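Participant:
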Amino acid sequence: MAQGDVVGVSGRRYVRLLDTTLRDGEQTPGVALKPEDKLLIALKLEELGVDSIEAGFPVVSDGEFRAVKAIAKEVSNSEVIALARTRREDIDKVIDADADAIHIFIATSDIHMKYKLRMSREEVLDAAVNAVSYAKSHGLTVEFSAEDATRSDPDFLVKVFQEIVNAGADRLDIADTVGVMWPSKMAWLVKFVKENVRGNYLLSVHCHDDFGMAVANSVAAIEAGADQAHGTINGVGERAGNAALEEIAAAVKFLLNYDVGIRFGRIKEVSDLVSKLFGIPVPPNKAIVGANAFSHESGIHVHGVLSNPITYEPIDPGTVGMSRRIVVGKHSGKHSIVYVLRYMGIEPRDDIVNAVLKKIKELGDIGVRVSEEDIRRIVMEVITSGGFE
Ligand code: KIV
Ligand code: ZN
């Protein structure tokens with residue numbers, strides 16, 4: 147454990163999780179939430195145990211401001227943080243919304259400074275320092291994100307971060323805004339920042355999934371010493387989305403063996419609520435919360451799982467509020483049919499098992515997917531026709 151690491155109750159490193167489903171997640175193309183729906187999700191996130199809830203970007207609209215204010219009023223066990231550019235009007239809106247903390251951002255990459263901000267490095271540095279000082283003078287906890295940090299000149303990034311810490315920021319965030327990092331590079335950048343920025347601060351990462359590596363990059367950053375990661379439930383967010391918070395949490399807890407505040411048994415219900423209110427179905431093969439994440443069809447796997455689930459399940463599905471499913475299909479073996487027959491209260495005689503399996507494989511070979519209903523029907527047909535002899 148490195149000096150300065152936050153330690154959880156177990157004596158292990160404690161990793162903070164900042165959920166940005168209600169801010170970056172809501173920036174998913176085509177998604178807009180009503181304030182009351184944002185509040186519903188925020189209350190679920192609080193129950194889930196996230197350390198910070200990024201409730202929104204108050205300057206964006208009246209409804210957004212009201213949503214952040216309502217969340218700040220109702221949520222007490224998680225920090226409520228809201229987004230602001232370095233502008234006074236943005237910061238004042240966060241203050242008026244009574245958020246506990248402010249997330250101030252400005253881009254530090256030459257690409258963004260030249261083509262978007264049209265500001266010089268000095269101007270960006272000044273704007274960032276002034277904004278942080280102003281927010282601190284209002285008593286807010288300040289998290290500062292360097293937008294597009296991962297395409298920024300690392301020496302300039304460190305310079306900005308150092309000035310920001312000197313101005314009183316509590317947390318620094320490396321934003322991989324366009325998802326161009328890979329794990330070893332992210333680990334390098336985290337170590338570079340930690341080695342070169344002096345002072346008392348927590349270091350965070352914010353990863354996007356443009357190359358499908360947002361979670362891997364977040365986990366690599368944490369392993370390299372980052373204290374916090376941002377994520378969204380189900381990985382919702384701009385373009386290919388953000389790092390999925392439930393995946394980061396599970397990897398940090400069950401692979402790295404560090405502590406997180408998440409109540410894992412609540413993950414599935416939060417995922418379902420976000421999917422419903424965002425109108426975005428969870429892909430069946432999505433890690434942790436996808437319908438297939440703990441489903442088994444192939445005969446070899448089912449045999450293993452029925453003998454001992456650890457053969458093909460890295461964690462118990464119940465840990466994350468999920469259930470194991472044995473799916474019957476073309477790839478099934480006898481063990482699945484025995485399981486199904488027992489489930490139906492039918493003695494799994496070899497001849498019945500063989501006949502049912504033969505029919506299911508025949509259907510699979512002509513591209514038919516069998517539902518639970520179909521299986522019941524096939525079993526009954528086999529038994530009543532005596533076609534198993
Ligand atoms: O992706 C990004 O850069 C952001 C910032 C506001 C942190 O969402
Ligand atoms: Zn983002």
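Residue numbers for the sequence shown follow my numbering, beginning at 147 and rising by one. We put the beta carbon where it would ideally sit given N, CA and C, even for glycine. Source: prediction; values computed, not measured.
Residue ranges of each beta strand (DSSP E) run of no fewer than 3 residues wholly in the segment 236-310, ordered along the chain?
Facilitator: Whole beta strand (DSSP E) segments, 3+ residues: 247-253 and 287-293.
Participant: Considering only heavy atoms of the ligand ZN, does any lie closer than 7 Å to the CB of A321?
Facilitator: A321 Cβ: within cutoff of the ligand ZN.
Participant: Since I472 sits in a beta bridge, which residues does DSSP pair it with?
Facilitator: I472 is bridged to H442.
Participant: To the nearest angstrom, how far is the alpha carbon of G202 from that of D322?
Facilitator: The straight-line gap from Cα to Cα measures roughly 19 Å.
Participant: According to DSSP, is Y485 helix, strand or coil?
Facilitator: Helix, per DSSP.
Participant: The ligand ZN heavy atoms versus the CB of D355: any closer than 7 Å?
Facilitator: No.
Participant: Between the C-alpha atoms of A230 and I521, what's the straight-line distance to the nearest angstrom?
Facilitator: Their Cα atoms are separated by approximately 55 Å.
Participant: Given L503, which residues of its chain have a CB within under 7 Å of its CB, disregarding the five upstream and five downstream residues?
Facilitator: S478, K480 and I483.
Participant: Could you please give me the residues that DSSP links to N388 through a beta bridge?
Facilitator: Looking at the DSSP assignment, N388 forms a beta bridge with H354.
Participant: Taking all protein chains shown into account, do 16 or more other C-beta atoms lie within 10 angstroms of the C-beta of R162, making it buried, or fewer, making it exposed?
Facilitator: That one is buried.
Participant: Are three or more beta carbon pairs between the segment 498-512 and the segment 462-470 nearer than 8 Å?
Facilitator: With the cut-off at 8 Å, the segment 498-512 and the segment 462-470 do not touch.
Participant: Which value, in whole angstroms, describes the spacing of the CA atoms of V486 and D497?
Facilitator: Between V486 and D497, the C-alpha separation is close to 15 Å.
Participant: Taking the alpha helix (DSSP H) that S478 falls in, what are its first and last residues?
Facilitator: Run containing S478: none; DSSP gives neither H nor E here.
Participant: Consider the C-beta atom of H284 and the heavy atoms of the ligand ZN; say whether any pair is separated by less than 7 Å.
Facilitator: Not under cutoff, so the answer is no.
Participant: State the DSSP-derived secondary structure class of S156, mapped to helix, strand or coil.
Facilitator: Looking at S156 - three-state DSSP - the assignment turns out to be coil, as it is neither helix nor strand.
Participant: Is E384 close to the ligand ZN? I mean its beta-carbon at under 7 Å from any heavy atom of the ligand.
Facilitator: E384: yes, Cβ under 7 Å from the ligand ZN.
Participant: Tell me whether H258, by its Cβ, gets closer than 7 Å to a heavy atom of the ligand KIV.
Facilitator: No, since every heavy atom of the ligand KIV falls outside the 7 Å radius drawn around the Cβ of H258.
Participant: What residue from S517, E289, N342 and V406 has the CA that sits closest to G157's CA?
Facilitator: Comparing Cα-Cα distances from G157 to each of S517, E289, N342 and V406, the minimum goes to V406.
Participant: Taking 7 Å as the cut-off, does the CB of V291 come closer than this to any heavy atom belonging to the ligand KIV?
Facilitator: Sequence check: residue 291 is Ser here, not Val. S291: yes, Cβ under 7 Å from the ligand KIV.
Participant: Would the segment 255-268 and the segment 212-231 be scored as touching if the rule is three or more Cβ pairs under 8 Å?
Facilitator: Touching, no.
Participant: Measuring CB atoms only, is the segment 390-398 touching the segment 443-458, in the sense that at least three cross pairs come out at less than 8 Å?
Facilitator: Cβ pair count under 8 Å is below three, so no.
Participant: On a CA-only basis, which of L271, M265, A281 and E269 is nearest K239? Give me that one, please.
Facilitator: The option with the nearest alpha carbon to K239 is A281.
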